[in-house]
Amino acid sequence: MKNPFKKISKKTVLIASTLVVLIAIPVSIYFLTREQGDVKSWYSSSWMYRRAITVSNPGATLSNEDVLITIDTQTLISASKLQSDCGDLRFLDSD
């Protein structure tokens, strides 16, 4: 029985390897650096218990306005999703 790989020349292996590297590197970089869905607006994909809060205003444009946000922190603390002092609670805006 003959070895089927014996017919492949070193030049063919070199060309095939080069093509694999030239294709694999950009594809790998793309998949490693792309943002998944709306993750970019969340700031960090490692935050496991993220929630979106949408603040809307049908009237005139406002700036520097206070917004009341009520959060049941006790339930989150009891479920071990939040530190007891709420030191890991974060609020971010879209930019």
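Residue numbering for the sequence shown is 1458 to 1552, as defined by this note's numbering.
Where is the CB? At the ideal position from N, CA and C, for every residue including glycine.
Since the model is a prediction, treat every value here as computed from it, not as a measurement.
Applying the 10 Å Cβ sphere with the 16-neighbour rule, what's the burial state of residue i?
i	result
leucine 1420	Given a span of 1458 to 1552 for the chain in the structure shown, any question on residue 1420 remains unanswerable.
From the DSSP output, in three-state form, read off residue i for me.
i	result
valine 1496	A caution first: valine 1496 carries a pLDDT of 48, below 50, which makes its placement in the model too unreliable to give a value.
phenylalanine 1548	coil
leucine 1519	coil
isoleucine 1510	coil
isoleucine 1534	helix
With a threshold of 8 Å on Cβ separation, who are the neighbours of residue i within its own chain once the five nearest residues in sequence on each side are excluded?
i	result
serine 1541	Ile1534
threonine 1511	none
alanine 1481	none
Between which residues of its own chain and residue i is the CB-CB distance below 7 Å, once the five residues before and five after are set aside?
i	result
phenylalanine 1548	none
aspartate 1545	Leu1539
Report, in whole angstroms, the separation of the C-beta atoms of residue i and residue j, which I expect to be a contact under 8 Å.
i	j	result
threonine 1527	cysteine 1543	Wrong, their Cβ atoms sit about 13 Å apart, outside the cutoff.
Only counting runs of 3 or more residues, tell me where the beta strand (DSSP E) segments fall wholly within the segment 1458–1490, in order along the chain. Segments of the beta strand (DSSP E) lying fully in the segment 1458–1490: there are none.
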